[in-house]
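Beneath this line is the structure, given in structure tokens, with notes to follow.
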Amino acid sequence: QAVPGVHPEARAERNMRERTEGKNEMLQGKAKRLTDVVTTQQLVMQRLERQLLKEEIDLGHKATVLAYENRRHAQLKGLLRRRSDKAVLDALTVSRGPRRSSSAPFVGAGGAAKGEPAASPTTLP
Numbered sequence: 001q002a003v004p005g006v007h008p009e010a011r012a013e014r015n016m017r018e019r020t021e022g023k024n025e026m027l028q029g030k031a032k033r034l035t036d037v038v039t040t041q042q043l044v045m046q047r048l049e050r051q052l053l054k055e056e057i058d059l060g061h062k063a064t065v066l067a068y069e070n071r072r073h074a075q076l077k078g079l080l081r082r083r084s085d086k087a088v089l090d091a092l093t094v095s096r097g098p099r100r101s102s103s104a105p106f107v108g109a110g111g112a113a114k115g116e117p118a119a120s121p122t123t124l125p
């Protein structure tokens with residue numbers, strides 16, 4: 001239907017302009033939504049990067065603590081082994097009698113060193 005007093009060219013131009021403006025509004029809305037999505041993703045990425053950095057620091061701390069605990073465990077294990085060896089040695093020493101030094105000569109019941117003649121009661125000074 002023709003509108004009185006409006007040229008068909010002007011009407012066609014107005015329709016085209018209205019369609020173009022509608023498309024522009026739709027595209028602007030989509031662009032805004034995409035911008036919002038990008039902003040949200042950037043915020044999520046920043047949060048995840050901070051979280052990752054914190055977890056890397058925590059992991060480094062845990063590795064340090066674990067290394068310390070492993071060294072301490074090895075020290076305590078060695079200490080326990082030495083004490084256990086000493087306890088066994090002490091128990092064996094008590095059951096066999098006192099330990100002798102390997103550098104001191106064995107003195108038998110007669111009082112003389114091994115390989116020497118025993119002193120008689122009459123030869124004492």
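In terms of UniProt numbering, the sequence shown opens at residue 1 and continues consecutively.
Don't be surprised by glycine CBs; every beta carbon is placed ideally from N, CA and C.
None of the values given here were measured: they were computed from a predicted structure.
Along the chain, where does the alpha helix (DSSP H) containing His7 start, and where does it finish?
First-last for His7: undefined, no H or E at that position.
Let me know the alpha helix (DSSP H) ranges lying completely inside the segment 34-69, each 4 residues or longer, listed in chain order.
Within the segment 34-69, no run of alpha helix (DSSP H) at least 4 residues long lies entirely inside it.
Is it right to say Ser120 is buried, meaning 16 or more other beta carbons lie within 10 angstroms of its own, or is it exposed?
Model confidence at Ser120 stands at a pLDDT of 49, short of 50, so the residue's coordinates are unreliable; what they give is reported in the following sentence. Result: exposed.
Given this structure, state the Cα-to-Cα distance separating Thr20 from Ile57, to the nearest angstrom.
If you take the alpha carbons of Thr20 and Ile57, they lie about 55 Å apart.
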